[in-house]
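Residue numbers (the working numbering), protein chains in the order written: chain A, 2 to 230; chain B, 5 to 229; chain C, 5 to 229; chain D, 2 to 378; chain E, 2 to 378.
To keep things clear, I will list the structure first and then write my remarks on it.
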Amino acid sequence: NAQSAVVAVSANFTDTAKELWALFEKETGHRVVLSFGSTGQLYAQISQGAPYDVFLAADDERTKTAIEAGFAVEGTEFTYATGRLVLYSSDPGFVTGEDTLRKGEFQRLAIANPTAAPYGAAAIETLKALGVYEALAPKIVQGVSITQVYQFVDTGNAEVGFVALSQINGREKGSSWLVPQNLHAPIAQNAVLLKHGEKNPVAREFLSFLRGEKARAVIEKFGYATGTP
Amino acid sequence: MVESIWSPVRLTLELAFVTTLLLLVVGTPIAWWLSRSRAPWKEAVASVVALPLVLPPTVLGFYLLILLGPNGPGGWIAGGFGLPSLAFTFPGLVIGSMVYSLPFMVQPLRNAFDAVGERPLEVAATLRASPWDAFWSVAVPLARPGFLSGIILTFAHTVGEFGVVLMIGGNIPGETKVLSVALFDYVETLQWREAHIIAGGMVVFSFAVILAMSLIERRMSRARG
Amino acid sequence: MVESIWSPVRLTLELAFVTTLLLLVVGTPIAWWLSRSRAPWKEAVASVVALPLVLPPTVLGFYLLILLGPNGPGGWIAGGFGLPSLAFTFPGLVIGSMVYSLPFMVQPLRNAFDAVGERPLEVAATLRASPWDAFWSVAVPLARPGFLSGIILTFAHTVGEFGVVLMIGGNIPGETKVLSVALFDYVETLQWREAHIIAGGMVVFSFAVILAMSLIERRMSRARG
Amino acid sequence: MSERVGGIVASFAGRLGAFTIDVAFEIPRRGITALFGPSGCGKTTILRCIAGLQRLEGRLQVDGEVWQDSARGIFLPPHKRPIGYVFQEASLFPHLSVRENLLYGARRSGTRSDGGRGFDDVVELLRLDALLERSPGTLSGGQRSRVAIGRALLSRPRLLLMDEPLTGLDLRAKEEILPYLAMLHREFSIPIVYVSHEIAEVAQLADHMLVVSDGKLVASGPTAATLERLDLGSVVDRFEAGVVLTCRVVEQLSAFRATRLDHRGQNLVVPEIQVPIGTEIRLRVRAREVSIATRRPEGISIRNALEGTVSEIVEEPDTAYAEVLVDVGGAKLRARLTRLAVHDLGLKPGQSVFALIKSVTLDGTPAQALATGVSGN
Amino acid sequence: MSERVGGIVASFAGRLGAFTIDVAFEIPRRGITALFGPSGCGKTTILRCIAGLQRLEGRLQVDGEVWQDSARGIFLPPHKRPIGYVFQEASLFPHLSVRENLLYGARRSGTRSDGGRGFDDVVELLRLDALLERSPGTLSGGQRSRVAIGRALLSRPRLLLMDEPLTGLDLRAKEEILPYLAMLHREFSIPIVYVSHEIAEVAQLADHMLVVSDGKLVASGPTAATLERLDLGSVVDRFEAGVVLTCRVVEQLSAFRATRLDHRGQNLVVPEIQVPIGTEIRLRVRAREVSIATRRPEGISIRNALEGTVSEIVEEPDTAYAEVLVDVGGAKLRARLTRLAVHDLGLKPGQSVFALIKSVTLDGTPAQALATGVSGN
Ligand SMILES: Nc1ncnc2c1ncn2[C@@H]1O[C@H](COP(=O)(O)OP(=O)(O)OP(=O)(O)O)[C@@H](O)[C@H]1O
Ligand SMILES: Nc1ncnc2c1ncn2[C@@H]1O[C@H](COP(=O)(O)OP(=O)(O)OP(=O)(O)O)[C@@H](O)[C@H]1O
Ligand SMILES: [Mg+2]
Ligand SMILES: [Mg+2]
């Protein structure tokens, strides 16, 4: 069906994607189907012929791999959002700034799996940049995704954790510290047009919509930075 | 949310129902063979049946994806229907769920068939029942508790099954997005109120289904008890 | 990779072993009660036992997080050890695995106890065996096939179990990072060669364990057959 | 169900654990055959081989049809053998009601209400009316046995194999069922192979006997002839040994419900047997029921005194007993006496004596009188 | 195991489906009690109530100990009742070898080799030596029964409950086991409650009888007295009716392996009973074994002729038979004759006659001679 497209969306972008989707459909009248999953899983599916037209990854690695492996169309890749890392606790007043990390008065620090999730890698970089990694390493617990980290913290199983700004956006509890972007490499989330959607005008339209002002406003509203591609 | 939930609900029930039904069809002869065969390697086969459990669902799902995909046998079959692959289709989901739930059907059935013993089938044979006839009129009714267990475990597991389905299904609304995946979505996006409602609904509904099946089974056996 | 893999392997085996053992301890009396009680609501209890299966593991894991956490009973227990929560600890993993695998132990055991029937226990009573004694000397040996099934399903499921463990484990190397999580990491990061090796190893090893258990069981029963 | 030549010709050999069985026997088409022998001798095994439930090496031919021939690789599966099998344990289907149990075989062999074997007849004979809707689990031991017999009868067998079907039944039930079996065999010429420990039952019912001991056939032949053989003492309980006399009905004494018989010129009076004058019947006379008198006794209630000659006296060592064989017109009657009596009467071989017969049992046919032993007092 | 007053005092009432049971009975401490009645009358149910396996309303007191009293909420669980139970079906533990089955109860009640009930004795009595390492699944029906009996015997019961234990056993096995049971009861004063369909077995073994029909007790008392009652005809097979005579041993005729007895001044000779001169013993005389002579017979092998007076003649309608009661010094012998014989001899009440007894059965004790019926020929 040329009038619709399937977009594979990294799970951490779910909320934002849904609002974008509504906006897009309202504006263009085209149908878009969103399919969520972890970035690795979506990639595995793409590699096995999944009928996805667009891939919104949570990093900039697997989009590149997809192009190299011939699953995606060269030259269509761009960063649609840049994640912001936040140190978060569900206890109001617990997080006061980077000194919370330096004092280390907690038993568990939750981060996302650094090998699979960019937020995890960024968290490690931040700890190292602050020079507290060695001290805090034994207290680190890993969540498989950034969502899980939030759950760890929100249920109080871990006192603090590195989550995405988009996750705590609009939630009026707890305490947090927005990690300065100079403490870690940018968390670029890239989008790419997949081979399956190469001839799908809706897919291309969706990608250009994503680059547009309206979309960027929405994305920023949810706590991401957007840079010019 | 209300409208959007019915599609996953329908899909979940369909999947659980079809999977359970097909696993009954596939698992029963396997269990029967395991119970009656004297082949020396039958315990090896029995062990293989339990293996799908050993792999993490997403990993199993990944291998199934390869099998079902365009380069695997599944793609070859799918080619017959003009599809590139069985992955990301409802039949693909069914196959995945069946593989993963196979041990839950076969183990209880085999035990039940073992417990039936030789004698009732011998009696049936002396009463002119062919092995096929005796199987249906004697072995199956006597193995009813095993069927109940197999059905309950398979049904519940398919309802809750997630990793494999997510991997093979690809979370496509109306087609492969089952309830557990929808629930996953809500949890993933931290919409916990919705998650609680769905989880609660699934638990209550499954409880009702399982309880009803058990009570019917026990009533049937008490009628004869 | 070689050194780093042994810690998850050890942990996985430990977890599967401890979970299976504890589930034997917990599941046996539950199954026995379900088999013998005449309480009208026992089928309701039986259905509840099957419910952990109905929820997707990650969702179940989420609820377990709440239960194990500082505001749940688990946190209260953990407080005794000076920890805020049972999550991210080995005991927490064991509890999670037990909840999730409970039906696999209880269902086959209950069926096996049902199949034993009243008579052998009546005979034992006339031979001066107390109910406790008769349970051990008659009911348990006669229910051996059910124990085998329960152990196999629980063991295999715990080895492959993933969602729950992932959810409450925190992936702490040497403490809660089990093999299935490691495998997940490899798949997630597209390191498929490593993934194949681990998956293959898990399958082969589990096959060997299950086959060995089955053969021992059948040999024991053949000695008496 | 046509009358064919043949009957059963069988031979089986094989091992069950440490137990070896090796038997070859023939069973005539007409008649009831008793399989007799001590516990553990292989009776059930033989029955299972005939039914095809146990597969040993051997050959089995029934009415000219080959059911098994290991040499030629022939083995008719059990469900294709038109048999009725009553197992040693009732083995009812626990998931079916009594009625469904009874109908299980009936439905699969197309039984309708054909004379004598219709559902209602069998239910009445076995007094199962009140039990039809019950579950086997709630039946008493004897009730279960009766259902098992009924189930086998209703499966339209062309050969009935019964493994001690009447143990656990009271005398009244036995007395009702035994004549029915005799009738079945007579009217539908269904051969019956019947395992029993009780020589009384065997003698009453069986035309033929196979005596098995430790997996070997030690004797076989017509019941009468087999029971006459002295050397069965160790297998057949000696008290129950006896012989069979063939007599002819000569007069009905209706006023006394008695019948007068002729045995080679001598008269016997037995309780009424309702058959036409001239019918040949067989009487079984048990050794313990026979006394000896040296002259014709008078004023005594024992009506039957057959004149004969002592042909042999066998004293049993270490017991109070002796067995005296009396030749009565060619038939050899056996009398079991105390050695004291032999001594007091001065019995010697060749001596002329009267054999007093207190009671007799009708052997095999006719059915009407089969139900009970028949006293000739 | 001390001799206490009491025995068993029991009453049970309740329903099993549509079946109602309501019985109250006493069983004396000493002796073997037969539970007798047609199939489905409730025998097994009564036994199960005594064992505590079935819980109906009622009371049960054994040797003064209250095992059950529903009114007071007392119910001793089965494993605390020192009973031995032989189930109607052998019910062996399939997962244990024969040896382990035998030892199951023995171990739990501390049996050692104490006289007569040691492991080796029981194994020998029941001929189980060759079977000890076998699995129950491979045993024949009779072999299973024997193991079940052995298992119960080895559990050191203070009360033995046996549900048709000897069905499926051949005569030889029965003859070996019955005297053992009698001995058990005599030497260890273990009361035995014994379910049986076979009146011969009952008469031979039991001191007491409970006759049950359709859930009700229809007769109970000493075997002799119970068998004497004519109105049991419908329950007790009439052929087996008889009476018991109490006699005293007066002489051993060792040369003939015979013993001379005195019954109220008259002599009887029976096969050897090895007890001291003067011992009182009981003989059971079955009606079918008694003939009548109008004058003292001579030259006849029947050694025992008791002089007496015809007290009553009961003709059985529609049969060839009549029952003649003969008063022998106060004891009433029953003779079953044909009506023809009654007519021919012109028997009348008051007439003086001789009762000829062909064979007798020792009743209850002593054990040595219990094994077999005893011919008085
Ligand atoms: N659960 C039940 N429901 C209905 N009737 C029952 C149930 N249990 C037993 N009965 C009936 O109770 C009666 C007594 O049974 P019981 O086993 O005591 O008989 P029994 O005297 O031992 O007979 P048998 O000599 O045949 O073994 C039988 O008629 C049986 O059908
Ligand atoms: N699997 C086996 N292993 C060893 N011995 C066996 C096996 N099966 C049967 N037997 C033996 O074979 C013999 C014959 O058994 P079968 O059941 O034919 O005896 P039976 O004559 O029917 O005895 P019963 O009158 O006691 O029922 C028995 O001695 C039994 O112990
Ligand atoms: Mg047998
Ligand atoms: Mg009974």
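Virtual Cβ for every residue (Gly too), placed ideally from N, Cα, C.
Computed from a predicted structure; not experimentally measured.
Residue i to residue j span [Cα, whole Å]
i: residue 110 of chain A; j: residue 18 of chain A; result: 29 Å
i: residue 116 of chain D; j: residue 186 of chain D; result: In this predicted model, residue 116 of chain D has a pLDDT of only 42, less than 50, meaning its place in the structure is not dependable enough to derive any value.
i: residue 71 of chain E; j: residue 59 of chain E; result: 6 Å
i: residue 137 of chain A; j: residue 183 of chain A; result: 20 Å
i: residue 90 of chain B; j: residue 81 of chain B; result: 8 Å
i: residue 220 of chain D; j: residue 198 of chain D; result: 15 Å
i: residue 14 of chain A; j: residue 77 of chain C; result: 33 Å
i: residue 188 of chain B; j: residue 102 of chain C; result: 22 Å
i: residue 141 of chain A; j: residue 69 of chain C; result: 17 Å
i: residue 358 of chain D; j: residue 348 of chain D; result: 18 Å
i: residue 110 of chain D; j: residue 131 of chain D; result: 25 Å
i: residue 47 of chain C; j: residue 67 of chain B; result: 38 Å
heavy atom of ligand 2 below 7 Å from residue i C-beta
i: residue 85 of chain B; result: no
i: residue 248 of chain D; result: no
i: residue 135 of chain E; result: yes
i: residue 40 of chain D; result: yes
Beta-carbon proximity of residue i to residue j, cut-off 8 Å
i: residue 169 of chain C; j: residue 184 of chain C; result: yes
i: residue 47 of chain E; j: residue 192 of chain E; result: no
i: residue 332 of chain E; j: residue 246 of chain E; result: yes
i: residue 167 of chain D; j: residue 175 of chain D; result: yes
i: residue 124 of chain A; j: residue 163 of chain A; result: yes
i: residue 155 of chain E; j: residue 107 of chain E; result: yes
i: residue 116 of chain C; j: residue 138 of chain C; result: no
i: residue 216 of chain D; j: residue 51 of chain D; result: no
Beta-carbon proximity list for residue i, same chain, < 7 Å, skipping 5 on both sides
i: residue 90 of chain A; result: 96, 154, 160, 161, 175, 176
i: residue 106 of chain C; result: 27, 31, 53, 56
i: residue 24 of chain B; result: 155, 158, 159, 162
i: residue 87 of chain B; result: 93
i: residue 120 of chain B; result: 143, 146, 147
i: residue 232 of chain E; result: Residue confidence for residue 232 of chain E is low, a pLDDT of 46 falling below 50, so the modelled location carries little weight; the figure read from the coordinates is stated next. Excluding residues within five positions, none has a Cβ falling inside 7 Å.
Opening and closing residue of the alpha helix (DSSP H) in which residue i lies
i: residue 53 of chain A; result: Here residue 53 of chain A belongs to no alpha helix (DSSP H), and DSSP marks it neither H nor E.
i: residue 264 of chain D; result: Not the alpha helix (DSSP H): residue 264 of chain D falls in the beta strand (DSSP E), residues 259 to 264.
Contacts around residue i, its chain only, beta-carbon distance under 6 Å, and the 5 residues preceding and following it disregarded
i: residue 249 of chain D; result: 263, 281
Cβ-based neighbour list, residue i, same chain, cut-off 8 Å, excluding 5 preceding and 5 following
i: residue 355 of chain E; result: 293, 294, 295, 296, 297, 298, 306, 307, 308, 309
Residue i beta carbon near ligand 1 (any heavy atom closer than 7 Å)
i: residue 204 of chain C; result: no
i: residue 20 of chain E; result: yes
i: residue 46 of chain E; result: yes
Where the beta strand (DSSP E) through residue i begins and ends
i: residue 324 of chain D; result: 322 to 329
i: residue 89 of chain C; result: No beta strand (DSSP E) contains residue 89 of chain C, which DSSP labels as neither H nor E.
i: residue 79 of chain A; result: 79 to 84
Residue i beta carbon near ligand 3 (any heavy atom closer than 7 Å)
i: residue 217 of chain E; result: no
i: residue 142 of chain E; result: yes
i: residue 137 of chain B; result: no
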